[in-house]
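For reference, the structure discussed in these notes is given below.
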Amino acid sequence: MTQSFINADVIIRFLTGDDSTKQAAARRLFDRAVRGELELSTPSTTIADCIHVLTSPKLYRLPRAEVAARLTTLLRVTDVQVPDRRDVLRALDIYGTTNVDFGDAMIAAAMESTDSRVVFSYDRHFDRFPEIDRQEP
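Here is the structure:
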């Protein structure tokens, strides 16, 4: 089966319902994927784009925990393929329960999955993770 890619705007319309016609079309697309009629994929940057748009004070203003929960459910239920899926799901958990941005949550998740301990960063929020040894270059 050929992979098809999905963009953030389709995910956002599906999750928000701000355009009922586009939400219904997105739902039909995801339903097709669940039935195995097509395989949907997206890079982790698309998930980051969704987070940026959905939490933006100028756009949807959704709470980060709600955004993380919606995206996690979408990825689990529809089986949208993300190359680093396990890390993305873990990063969504970190993002939804801390004030760490999604990019840094991805780093923390990747470190966790590879048993890495050291990160070189000036961002002190890594100090909140007892398993991470933040070092400045």
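Residues 74 to 210, numbered by this note's numbering, are exactly what the sequence shown covers, in order. Each residue gets a CB set at the ideal place from its N, CA and C atoms; glycine is no exception.
| request: Tell me where the alpha helix (DSSP H) around S93 begins and ends. | output: In the sequence shown, counting from the first residue as 1, residue 93 sits at position 20. 93-107 is the span of the alpha helix (DSSP H), which, as asked, contains S93.
| message | Based on DSSP bridge pairs, tell me the residues matched to E112. | response | Along the sequence shown, read from residue 1 onward, the residue named residue 112 stands at position 39. According to DSSP, E112 bridges with Q76.
| field | alpha helix (DSSP H) segment containing R143, residue limits | value | Mapped onto the sequence shown, residue 143 falls at position 70. Where R143 is concerned, the enclosing alpha helix (DSSP H) stretches over 137-151.
| D177 by DSSP, collapsed to three states: which one? | For the purposes of this step, residue 177 is taken as residue 104 along the sequence shown, with counting starting at 1. If DSSP states are grouped into helix, strand and coil, D177 belongs with the helices.
| C-beta atoms of S194 and V155 nearer than 8 Å | Here residue 194 refers to the residue found at position 121 when the sequence shown is read from its first residue. Here residue 155 refers to the residue found at position 82 when the sequence shown is read from its first residue. No, they are not a contact pair.
| Tell me which same chain residues have a C-beta within less than 8 Å of the C-beta of I167, skipping the five on either side of it? | Here residue 167 is taken as the residue at index 94 of the sequence shown, counted from 1. Within its own chain, the residues whose Cβ lies closer than 8 Å to the Cβ of I167, once the five positions on either side in sequence are excluded, are V173, A178, A181, A182, listed in chain order.
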